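S.K.:
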Ligand SMILES: Nc1ncnc2c1ncn2[C@@H]1O[C@H](COP(=O)(O)OP(=O)(O)OP(=O)(O)O)[C@@H](O)[C@H]1O
Ligand SMILES: [Mg+2]
């Protein structure tokens with residue numbers, strides 16, 4: 001592989017990284033908000049959220065990406081490719097994250113909540129000071145797991161012409177007629193990205209030990 | 001309502017799934033008094049205590065804490081969460097299973113509510129916490145996390161945490177029932193010391209010797225009713241009901 005192939009690969013890796021990164025960042029927070037809203041069990045809104053979550057979880061990423069990109073003009077919106085890609089990944093990962101947060105809420109110790117209430121904490125203070133710091137740590141393994149699923153699923157955005165880390169290997173081999181080297185490098189780069197996540201997870205697990213009584 | 005009343009419970013009734021667990025309970029706790037609640041398992045002791053700070057919502061009756069009604073506001077409407085939290089802040093509760101917050105060290109377990117509920121400055125809250133941890137014999141463990149403590153140590157921290165709110169009344173729900181026998185003494189000693197300092201306390205316990213030594217008043221619950229209420233001398237030597245006599249005989253040895 002020559003220098004230009006290397007620089008194309010790195011560019012592809014960057015595209016994968018930033019598009020997934022933005023989707024993950026939005027998706028983690030949005031998932032938390034959805035889980036909180038679901039906690040309130042507001043009649044119609046709750047059913048809408050349940051519908052969204054099951055649809056988003058059941059739809060393949062490729063299909064979702066295509067659908068968003070192709071249907072946007074019908075609503076009079078001219079979607080940038082990258083934006084469409086981010087939207088698709090975010091819609092997908094938010095649904096999974098909402099379920100991860102929700103199950104963490106559901107499993108949170110009633111005793112600890114009662115202790116907080118008995119000390120005069122309002123539900124908001126209880127959430128912010130007692131529940132959230134612990135939920136963050138207990139949810140992190142699930143969240144990181146979902147992050148690596150998302151990154152591994154992200155080549156789906158190539159379907160609308162985004163040149164990500166997987167797609168770029170095609171482009172390189174079209175010129176060099178040697179498909180294997182770029183794919184091997186791409187694999188290594190994916191592994192490096194996921195490896196960083198696993199490392200993050202280790203740190204979280206280390207801190208989680210403290211929560212185990 | 002007298003100036004000297006810490007807690008007043010009137011006509012309290014509570015059902016779970018149609019089964020009446022508390023029936024017309026009346027109890028007045030004077031400031032500085034220690035009231036112990038005895039009774040066999042399932043008689044409603046925990047429920048009574050949990051009604052006082054509205055962890056359980058009674059069906060009927062009124063509860064006031066230092067003159068402040070809990071659960072119903074001045075307008076006669078059910079209290080909002082915020083109003084409820086304000087009254088709860090004036091009570092301290094110690095649970096059978098300690099219920100410390102595992103992500104906070106000992107010091108921060110004690111300062112958390114004073115800072116985030118009462119709005120105290122960190123320095124002030126920490127000074128008070130050190131004082132209280134000294135009192136319960138835990139000042140050498142301020143930086144430790146709960147999972148490194150023994151049960152007796154956890155419970156003493158939980159007592160300091162509740163005291164940090166300067167509550168009008170301390171509520172103890174079987175504070176030593178989850179402890180290994182050799183750790184019971186250290187917790188009871190702390191509670192005894194508090195009674196000597198004049199704290200108002202309502203204590204559910206199965207420790208008869210302790211109850212006799214520490215109480216100003218002993219109350220016996222049977223199937224959700226108070227069937228006996230007396231000073232400890234009278235209660236333990238001349239109980240007026242056969243039910244209490246039987247209970248004492250069974251719990252003697
Ligand atoms: N949340 C609840 N839902 C349904 N029933 C309950 C609930 N809490 C308590 N009960 C029932 O109410 C009755 C009184 O319970 P409570 O816990 O007040 O008894 P207790 O005197 O504290 O008993 P113990 O000595 O075992 O702690 C019991 O029959 C119990 O099963
Ligand atoms: Mg009980």
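Residue numbers (UniProt numbering), protein chains in the order written: chain S, 1 to 213; chain C, 1 to 253.
For every residue, glycine included, the Cβ atom is placed at its ideal position computed from N, Cα and C.
If you're wondering where the values come from, they're calculated on a predicted model, not measured in any experiment.
#1: Closer than 5 Å between the C-beta and any heavy atom of ligand 1: which residues qualify, listed along the chain?
#2: Anything in the segment 52-86 of chain C with a Cβ closer than 8 Å to a Cβ of chain S? List those residues in chain order, please.
#3: So with CB distances below 7 Å, who are the chain C contacts of residue 211 of chain S?
#4: Taking just the CA atoms, how far does residue 164 of chain S sit from residue 159 of chain C?
#5: Going along the chain, which residues of its own chain have a beta-carbon closer than 8 Å to the beta-carbon of residue 253 of chain C, five neighbours each way excluded?
#6: Does the beta carbon of residue 121 of chain S come closer than 8 Å to any beta carbon on chain C?
#7: Any residues in the segment 105-118 of chain S with a beta carbon nearer than 7 Å to a beta carbon of chain C? Which ones, in chain order?
#8: Alpha carbon to alpha carbon, what distance is there between residue 57 of chain C and residue 189 of chain C?
#9: Would residue 130 of chain C pass as an interface residue toward chain S - the criterion being a Cβ-Cβ separation below 8 Å?
#10: For chain S, check one thing: does any of its Cβ atoms lie closer than 8 Å to the Cβ of residue 112 of chain C?
#11: Touch check for the segment 88-97 of chain S and the segment 42-58 of chain S: three-plus C-beta pairs under 8 Å?
#12: Can you list the residues of chain S that residue 145 of chain C reaches, using a CB-CB cut of under 8 Å?
#13: For residue 91 of chain C and chain S, any beta-carbon pair shorter than 8 Å?
#14: In the DSSP assignment, the beta strand (DSSP E) including residue 93 of chain C goes from what residue to what residue?
#15: Kindly say whether residue 47 of chain S, judged by its beta-carbon, lies nearer than 8 Å to any beta-carbon of chain C.
#16: Compute the distance between the beta-carbons of residue 27 of chain C and residue 226 of chain C, then report whether it is under 8 Å.
#17: Just checking: is the beta-carbon of residue 130 of chain S within a distance shorter than 8 Å of some beta-carbon in chain C?
#18: So, under 8 Å CB-CB, residue 9 of chain S and residue 175 of chain S are touching, yes? Tell me the CB distance rounded to an integer number of Å.
#19: Can you tell me whether DSSP reads residue 126 of chain C as helix, strand or coil?
#20: DSSP has residue 255 of chain C in a bridge; who is on the other side?
#21: Any beta carbon from chain C within less than 8 Å of residue 125 of chain S's own beta carbon?
#22: What does a CB cutoff of less than 8 Å around residue 156 of chain C pick up in its chain, not counting 5 residues either side in sequence?
#23: Which residue comes first and which comes last in the beta strand (DSSP E) that contains residue 8 of chain C?
#24: Using 8 Å as the threshold, is the C-beta distance between residue 109 of chain C and residue 50 of chain C below it?
#25: Would you kindly work out how many angstroms separate the C-alpha atoms of residue 89 of chain S and residue 134 of chain S, rounded to a whole number?
#26: Please report the straight-line C-alpha distance between residue 37 of chain C and residue 173 of chain C, rounded to a whole angstrom.
#27: Could you name the residues of the same chain whose beta carbon sits closer than 7 Å to that of residue 28 of chain S, not counting the 5 residues immediately before and after it, in chain order?
#28: Determine whether the Cβ of residue 133 of chain S lies closer than 8 Å to any Cβ atom of chain C.
#29: Using a cut-off of 8 Å between C-beta atoms, extract the partners of residue 204 of chain C located in chain S.
#30: Find the residues of chain S that neighbour residue 117 of chain C, judging by a C-beta separation of less than 9 Å, and give them in chain order.
#31: Name the chain S residues whose beta carbon is nearer than 9 Å to that of residue 150 of chain C?
#32: Tell me whether residue 112 of chain C counts as near ligand 3, meaning its Cβ is closer than 7 Å to at least one heavy atom of that ligand.
#33: Less than 7 Å separating the Cβ of residue 174 of chain C from some heavy atom of ligand 2?
#34: Give me the DSSP bridge partner(s) of residue 204 of chain C.
#35: Determine the chain S residues that contact residue 177 of chain C at a beta-carbon separation under 7 Å, and present them in chain order.
#36: So, is the C-beta of residue 247 of chain C closer than 8 Å to a C-beta in chain S?
M.R.: Reading from the atomic positions:
#1: In chain order, the qualifying residues are C:16, C:21, C:41, C:42, C:43, C:44, C:45, C:46 and C:47.
#2: Among the residues of the segment 52-86 of chain C, those with a Cβ less than 8 Å away from any Cβ of chain S are 53, 55, 81, 82, 85 and 86, in the order of the chain.
#3: One-based indexing of the first chain puts residue 211 of chain S at position 211. What residue 211 of chain S touches in chain C, judged by beta-carbon distance under 7 Å, is 102 and 103, going in chain order.
#4: Position 159 of the second chain, counted from the start, is the residue given in the question as residue 159 of chain C. Position 164 of the first chain, counted from the start, is the residue given in the question as residue 164 of chain S. As the crow flies, the alpha-carbon of residue 159 of chain C is around 58 Å from that of residue 164 of chain S.
#5: The residue labelled residue 253 of chain C in the question sits at position 253 within the second chain. Residue placement at residue 253 of chain C cannot be trusted, given a pLDDT of 47 that sits under 50; what the coordinates show is reported in the next sentence. Same-chain partners within the cutoff: there are none.
#6: Numbered from its first residue, the first chain carries residue 121 of chain S at position 121. At least one CB of chain C lies nearer than 8 Å to the CB of residue 121 of chain S.
#7: Of all residues in the segment 105-118 of chain S, the ones placed with a Cβ closer than 7 Å to any Cβ belonging to chain C are 111, 112, 114, 115, 117 and 118, in chain order.
#8: Translated into positions along the second chain, residue 189 of chain C becomes position 189. Translated into positions along the second chain, residue 57 of chain C becomes position 57. One C-alpha to the other measures close to 32 Å.
#9: For the purposes of this step, residue 130 of chain C is taken as the residue at position 130 of the second chain. At a cut-off of 8 Å between C-beta atoms, residue 130 of chain C does not count as an interface residue with respect to chain S.
#10: As a position in the second chain, residue 112 of chain C is number 112, starting the count at 1. It does; some Cβ of chain S falls within 8 Å.
#11: Touching, yes.
#12: Here the question's residue 145 of chain C lines up with position 145 in the second chain. Around residue 145 of chain C, the beta-carbon contacts reaching into chain S at under 8 Å are 210.
#13: Looking up residue 91 of chain C in the second chain gives position 91. Cβ-Cβ to chain S under 8 Å: yes for residue 91 of chain C.
#14: In the second chain, residue 93 of chain C corresponds to position 93, counting from 1. Looking at the DSSP string, the run of the beta strand (DSSP E) that includes residue 93 of chain C is 91-94.
#15: By one-based count along the first chain, residue 47 of chain S stands at place 47. Output row for residue 47 of chain S: interface = no.
#16: Residue numbering aside, residue 27 of chain C sits at position 27 when the second chain is read from its first letter. Residue numbering aside, residue 226 of chain C sits at position 226 when the second chain is read from its first letter. Closer than 8 Å, so yes.
#17: Here residue 130 of chain S refers to the residue found at position 130 of the first chain. For residue 130 of chain S, the answer is yes, since a Cβ of chain C falls inside 8 Å of its Cβ.
#18: Translated into positions along the first chain, residue 9 of chain S becomes position 9. Translated into positions along the first chain, residue 175 of chain S becomes position 175. Not quite, the Cβ-Cβ distance comes to about 13 Å (not below 8 Å), so this is no contact.
#19: Your numbering for residue 126 of chain C matches position 126 in the second chain. The answer is helix: DSSP assigns residue 126 of chain C an H, G or I state.
#20: Absent from the model: residue 255 of chain C. The displayed extent of chain C is 1 to 253, so no value can be given.
#21: Locating residue 125 of chain S in the first chain gives position 125, where the first residue counts as 1. Chain C, which has a Cβ nearer than 8 Å to the Cβ of residue 125 of chain S, makes this yes.
#22: Here residue 156 of chain C refers to the residue found at position 156 of the second chain. Only 136, 137, 138, 186, 187 and 190 meet the Cβ criterion.
#23: By one-based count along the second chain, residue 8 of chain C stands at place 8. Annotation for residue 8 of chain C: the continuous beta strand (DSSP E) segment containing it runs 5-16.
#24: Taking the first residue of the second chain as position 1, residue 109 of chain C is located at position 109. Taking the first residue of the second chain as position 1, residue 50 of chain C is located at position 50. Contact: no.
#25: On the first chain, residue 89 of chain S is found 89 positions in, with the first residue counted as 1. On the first chain, residue 134 of chain S is found 134 positions in, with the first residue counted as 1. Across the structure, residue 89 of chain S and residue 134 of chain S are spaced so that their CA atoms are roughly 27 Å apart.
#26: Looking up residue 37 of chain C in the second chain gives position 37. Looking up residue 173 of chain C in the second chain gives position 173. One C-alpha to the other measures close to 9 Å.
#27: For this step, residue 28 of chain S is matched to residue 28 along the first chain. These residues qualify, in order along the chain: 97 and 143.
#28: As a first step, residue 133 of chain S must be located in the first chain, where it is residue number 133. Yes, contact with chain C.
#29: For the purposes of this step, residue 204 of chain C is taken as residue 204 along the second chain, with counting starting at 1. Contact note: residue 204 of chain C does not reach chain S at a C-beta cutoff of 8 Å; the least C-beta distance is about 14 Å.
#30: Counting from 1 along the second chain, the entry for residue 117 of chain C is found at position 117. Within 9 Å of the CB of residue 117 of chain C, the CB atoms of chain S belong to 119, 120, 121, 122 and 125, in sequence order along the chain.
#31: The residue labelled residue 150 of chain C in the question sits at position 150 within the second chain. Those do not exist, as residue 150 of chain C stays about 12 Å from chain S at its closest Cβ, beyond 9 Å.
#32: Looking at this structure, you won't find ligand 3 anywhere; what it does contain is ligand 1 and ligand 2.
#33: The residue given as residue 174 of chain C occupies position 174 in the second chain. Residue side-chain check: residue 174 of chain C places its Cβ nearer than 7 Å to a non-hydrogen atom of ligand 2.
#34: The residue labelled residue 204 of chain C in the question sits at position 204 within the second chain. Under DSSP, residue 204 of chain C shares a beta bridge with C:37 and C:173.
#35: Along the second chain, one-based indexing puts residue 177 of chain C at 177. For residue 177 of chain C, there are no C-beta contacts with chain S under 7 Å, since the nearest C-beta of that chain is about 14 Å from it.
#36: Numbered from 1 along the second chain, position 247 holds the residue referred to as residue 247 of chain C. With a threshold of 8 Å between beta carbons, residue 247 of chain C makes no contact with chain S.
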